[in-house]
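K.L.:
For reference, the structure I am asking about is given below.
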Amino acid sequence: DDICDSGNTLMSVVQEFRHKYPDTNISTAVCIHRKVEGCSYVPTYSAIVDRSDNFFAGYGLDDKGFDRNLPYIYNCK
Numbered sequence: 004d005d006i007c008d009s010g011n012t013l014m015s016v017v018q019e020f021r022h023k024y025p026d027t028n029i030s031t032a033v034c035i036h037r038k039v040e041g042c043s044y045v046p047t048y049s050a051i052v053d054r055s056d057n058f059f060a061g062y063g064l065d066d067k068g069f070d071r072n073l074p075y076i077y078n079c080k
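Numbering (our numbering), first residue to last: 4 to 80.
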């Protein structure tokens, strides 16, 4: 996934895989993991761990279609 903040989407996907493939060991990876209180799922691997409320843009992350094609990931404070 790109960003894991609440963890709800990733948790739903993992539960679906566990239901369909109960004997499979499942690992998850995200580009950015926001460590927020009450997160329902913690990914196995994270490239960036962020504890702020900052917005990220670039390299596929966008704001209503803008800044999606930037060559890097920017932490917009």
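Glycine included, every Cβ here is placed at the ideal spot set by N, Cα and C.
Since the structure is predicted, the reported quantities are computational estimates derived from the model, not experimental observations.
1. Would you identify the three-state DSSP class for Ser-49, choosing helix, strand or coil?
2. Opposite Ser-66 in the DSSP bridges: which residues?
3. Can you check which of these residues, Lys-38, Val-45 and Pro-25, is closest to Thr-31 by C-alpha distance?
4. Might you give, ordered along the chain, the residues of its own chain that have their beta carbon closer than 6 Å to the beta carbon of Thr-47, omitting 5 neighbours on each side?
5. So which of Cys-79, Arg-71, Leu-73 and Tyr-62 has the shortest CA-CA distance to Cys-34?
6. Would you call the CB atoms of Arg-37 and Asp-66 closer than 9 Å?
7. Got a sec? Which residues, its chain only, sit under 8 Å from Asp-5 by beta carbon, not counting five neighbours each side?
P.N.:
Taking the geometry as given:
1. strand
2. Here residue 66 is Asp; the residue named in the question, Ser, does not match the sequence. Looking at the DSSP assignment, Asp-66 forms a beta bridge with Phe-69.
3. Val-45
4. Ser-30 and Thr-31
5. Tyr-62
6. no
7. Val-33, Cys-34, Ile-35, Gly-63 and Leu-64
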